[in-house]
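Beneath this line is the structure, given in structure tokens, with notes to follow.
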Amino acid sequence: MSVEVELPALGESVLEGTVAVWLVKPGDRVEVDQPLVEVTTDKVDAELPSPVAGVVETLLVAEGDTVAVGTPLLRIAEGGERAAASPSRADPAAATPVVEPASDAEPRATPLARRAAALQGVDLAAVEGSGARQRVVRADVDREAARNSEPPRPVAASTPPRTLTFQYSLQPGDRLVPLTPLRRLVAEHMVFSKQTSPHVGTVAEVDMSGVAQVRDAQKRDFERTQGFALSYLPFILHATVRALREHPRLNASMLEDAIVEKKALHVGIAVETEKGLVVPVVRDADRLSLAGLASAVEDLAARARTKKLSPDELKGGTFTVSNPGRHGNLYGFAIINQPQVAILRMGEIVKRPVVRELAGEDAIVVRSIMHLALSYDHRVVDGSPANAFLYRIRELLEEAEFDL
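So this note's numbering is basically just the index in the sequence shown, starting at one, shifted up by 8.
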């Protein structure tokens with residue numbers, strides 16, 4: 009029996025994806041969960057696993073093609089033996105011969121390659137295609153752009169510098185870095201979010217000394233029993249989900265003519281990978297203990313960096329927390345992950361002198377300070393509830409009443 013593998017929804021609001029690289033070819037035998045293809049969307053750069061064991065019959069989509077969610081990508085003969093493969097769109101050797109276009113015809117190129125060429129100022133007619141029937145694919149454009157970006161040798165002053173389509177003249181020493189498919193899609197998503205939501209920001213200074221004491225007292229036993237280090241992020245998450253329960257307007261989305269305050273509380277965790285930023289989701293975060301949150305974050309982050317997340321683990325977030333790590337950052341305002349209405353960004357914890365009242369007198373003491381920055385959608389959230397929400401997170405962290 010033949011099984012068609014379709015393009016799944018690899019993230020919330022994702023409608024299409026681009027086949028980046030085929031990892032199998034017609035005639036290959038595959039096992040259950042074996043990676044078949046790398047697909048890029050605006051949410052993630054992911055490998056799709058095989059749902060069955062069998063033999064690849066046909067690849068239905070060529071590398072570089074962008075298709076809608078639900079489109080069949082390939083066909084697998086379940087349980088079949090390795091045999092001669094069926095003709096495939098992605099298999100140049102099996103393709104039906106076609107008449108080569110005239111020299112003045114428009115070059116054959118994938119949609120992704122055309123977008124890359126337009127952005128990088130590459131003439132498609134000058135690019136040698138490596139795809140099926142010499143079709144130009146994204147990698148061909150990137151190679152041509154990299155070759156063209158080499159600094160020119162010194163020549164007569166009258167020779168004009170090379171000019172790209174966005175009117176910047178490359179100078180000696182400049183390096184042109186082609187956009188990856190994921191970087192391009194992330195950029196489009198960020199622009200879409202800024203154009204959709206009027207972003208407003210507010211910042212709270214939080215004394216994390218109590219949290220630091222709890223963590224220091226528990227971290228050795230925690231690492232011995234759990235197998236990984238206890239970070240500050242689970243404490244932030246624990247306080248955030250409790251505050252969201254009290255301030256549901258921050259756990260919402262805007263519809264065309266209404267605001268929906270969501271009952272489920274699924275928190276996205278922004279994770280930086282070598283391919284870019286992804287946001288796996290901790291489901292029902294308000295039902296988890298601090299140790300449960302720590303385990304969920306550790307698992308999701310590890311699998312995000314090794315590209316082992318399933319599509320469902322990138323869907324359905326209702327609020328996002330971003331932790332850029334220890335790079336000396338004080339605070340910064342993150343861009344809202346649509347269709348959510350707010351995102352919380354952690355700053356670095358640093359020891360600072362602050363004024364506290366001790367025994368009725370002001371005193372200068374050293375405390376562990378963190379800044380939390382909240383970006384919110386002003387269409388949905390006003391300043392007062394946003395500040396109240398952030399203040400509640402601060403209260404919970406400074407009270408430091410946490411049980412692992």
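For each residue, glycine too, the CB sits at the ideal point set by N, CA and C.
Helix, strand or coil: how does DSSP classify residue i here?
| i | result |
| --- | --- |
| PRO361 | strand |
| VAL27 | strand |
| ILE267 | strand |
| PRO180 | coil |
| VAL219 | helix |
| LEU412 | coil |
| HIS197 | helix |
| LEU18 | coil |
| ILE244 | helix |
| ASP229 | helix |
| VAL373 | strand |
| GLU71 | coil |
| SER58 | coil |
| ALA101 | In this predicted model, ALA101 has a pLDDT of only 42, less than 50, meaning its place in the structure is not dependable; the value taken from the coordinates is given anyway. Note: ALA101 maps to helix in three-state DSSP. |
| PRO347 | coil |
| LEU338 | coil |
| ALA92 | Annotation note: pLDDT 48 at ALA92 (below 50); position unreliable, no value reported. |
| GLU4 | No answer is possible for residue 4: it lies beyond the span of the chain, which begins at 9 and ends at 412. |
| VAL144 | strand |
| LEU366 | strand |
| ALA272 | coil |
| PRO256 | helix |
| ALA76 | strand |
| PRO186 | coil |
| TYR399 | helix |
| LEU404 | helix |
| PRO162 | Its pLDDT being 48, under 50, PRO162 is placed unreliably by the model, and nothing is read from it. |
| ARG170 | Bear in mind that the predicted position of ARG170 carries a pLDDT of just 46, short of 50, making it too unreliable to give a figure here. |
| SER111 | Because SER111 carries a pLDDT of 39, less than 50, the predicted location of this residue cannot be relied on, and no value is offered for it. |
Who pairs with residue i in a beta bridge, going by DSSP?
| i | result |
| --- | --- |
| MET354 | LEU380 |
| ILE84 | VAL11 and VAL64 |
| SER330 | ALA278 and ARG353 |
| HIS207 | ASP385 |
| ALA394 | Per DSSP, none; premise fails for ALA394. |
| ARG37 | VAL63 |
| ALA117 | VAL144 |
| SER261 | VAL268 |
Would you grab the beta carbon distance between residue i and residue j for me? Rounded to a whole angstrom, and I think it's under 8 Å.
| i | j | result |
| --- | --- | --- |
| THR49 | LEU193 | 6 Å |
| ALA134 | PRO186 | That pair is no contact at about 16 Å. |
| VAL279 | ARG334 | The pair is not a contact, with the Cβ atoms about 15 Å apart (cut-off 8 Å). |
| ARG353 | GLY284 | Their Cβ separation, rounded to whole angstroms, is 17 Å, which puts ARG353 and GLY284 out of contact at 8 Å. |
| ALA293 | LEU308 | At roughly 11 Å, the Cβ-Cβ gap does not stay under 8 Å, so ALA293 and LEU308 are not in contact. |
| VAL389 | ALA350 | 6 Å |
| SER10 | ARG83 | 5 Å |
| GLU71 | VAL29 | 6 Å |
| GLY324 | VAL287 | Wrong, their Cβ atoms sit about 11 Å apart, outside the cutoff. |
| MET346 | PHE327 | Note that residue 346 is Gln in the sequence shown, not Met. Contact flag wrong, Cβ pair sits at about 13 Å. |
| PRO80 | GLU14 | 5 Å |
| SER383 | GLY209 | 5 Å |
| LEU18 | VAL47 | 7 Å |
Give a yes or no on whether 9 Å exceeds the smallest Cβ distance from residue i to chain D.
| i | result |
| --- | --- |
| ALA272 | The structure shown contains no chain D; it holds only a single protein chain. |
Do the segment 253 to 266 and the segment 383 to 398 make contact, defined as three or more Cβ pairs closer than 8 Å? yes
Alpha helix (DSSP H) segments (min. 4 residues) lying fully within the segment 278 to 327: 298 to 313
Quick test of the definition: if touching needs 3 or more C-beta pairs under 8 Å, does the segment 198 to 215 touch the segment 376 to 385? yes
Does the segment 237 to 254 come close enough to the segment 358 to 374 to have 3 or more Cβ pairs within less than 8 Å? no
Contact between the segment 338 to 350 and the segment 307 to 323: three or more CB pairs below 8 Å? no
Does the segment 36 to 50 come close enough to the segment 300 to 314 to have 3 or more Cβ pairs within less than 8 Å? no
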